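Residue numbers (my numbering): 460 to 606.
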Amino acid sequence: MTGQRRGRKAIFDADFAKEPPGAGAGKIALPDLAGMLPGTAFRMTLIIRDSLVNPPTWFASFRDLTLYCNVFLKDDIVIESEDPDPYVRWMRPRGGMDFVEDFVRPGSEDGVRLDTEHNYPRSVITDRIAPENVHRLIGMIRGCRGL
C-alpha cells in the first residue's frame with residue numbers, strides 16, 4: 460500500500476482493493492483501514508506561531524522540536540502566519556521545512572498551539588525555542604495532548 464500527501468490528509472491508492480483476476484460478483488468489500496493504521500488514528504496538529512521562528516529562537520532547537528513532534532508524537536506541524544512568504548524563503552534553505560506541513564492563517568486550525576501569548580485553549584506559552592527549554596516544551600505539548 461502506497462500513500463501520498465495532499466495537504467494533511469493521506470490518500471491511499473486503491474490497488475489493494477481491486478478484485479483479483481477471476482474473482483466473481485459476490486466478493487466481500489474490504490473495510491477502509493485508513494483510520495486503523497498505526498499513527499493515523501490520533502494525529503494531532505501542532506500550530507507554531509511565526510514569531511517563534513525568529514531570534515531569540517535557536518533554529519537548531521526549532522528543528523529538534525519539530526523533528527521530535529513529527530516523528531515520535533506523530534503530529535502534523537503547521538506554522539501560523541499572516542504572511543508566510545518571508546518565512547518560507549528563509550526556512551527552506553536551512554532545512555526548517557523538513558517537518559513542517561504547511562502555513563496556515565491565524566485561528567484557522569484546531570490543535571495544540573506553541574505561542575508567545577495565551578489566545579487559544581491548549582496553548583503552550585514561551586518566548587523562544589532554545590536548548591534549555593526544548594525538553595520542557597515537549598513535555599508541555601505532550602500534556603496538552605493528554606499523553
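The C-beta atom is built at its ideal place from N, Cα and C for all residues, glycine as well.
Quick caveat: nothing in here was measured; it's all calculated off a predicted structure.
- Distances from the alpha-carbon of Glu560 to those of Glu576, Asp574, Pro543, Thr575 put Pro543 closest.
- Relative to Arg522, the option among Asn578, Phe558, His594, Ser567 whose CA is nearest is Phe558.
- Closest by C-alpha distance to Val512, out of Arg581, Val537, Met599, Lys533, is Val537.
- The three-state secondary structure of Leu505, taken from DSSP, is strand.
- When the five nearest sequence neighbours on each side are left out, the beta carbons in the same chain lying within less than 8 Å of the beta carbon of Gly554 are those of Arg522, in order along the chain.
- Within its own chain, the residues whose Cβ lies closer than 8 Å to the Cβ of Met550, once the five positions on either side in sequence are excluded, are Val512, Met556, Val559, listed in chain order.
- Residue burial is scored here from C-beta neighbours: Thr575 has fewer than 16 other C-beta atoms within 10 angstroms and is therefore classed as exposed.
- In the same chain as Thr504, and ignoring 5 residues on each side of it, the C-beta atoms closer than 8 Å to its own belong to Arg467, Asp534, Asp535, Ile536, Val537, Glu568, Asp569, Gly570, Val571, in chain order.
- Our two residues, Asp586 and Phe518, have alpha carbons roughly 14 Å apart in a direct line.
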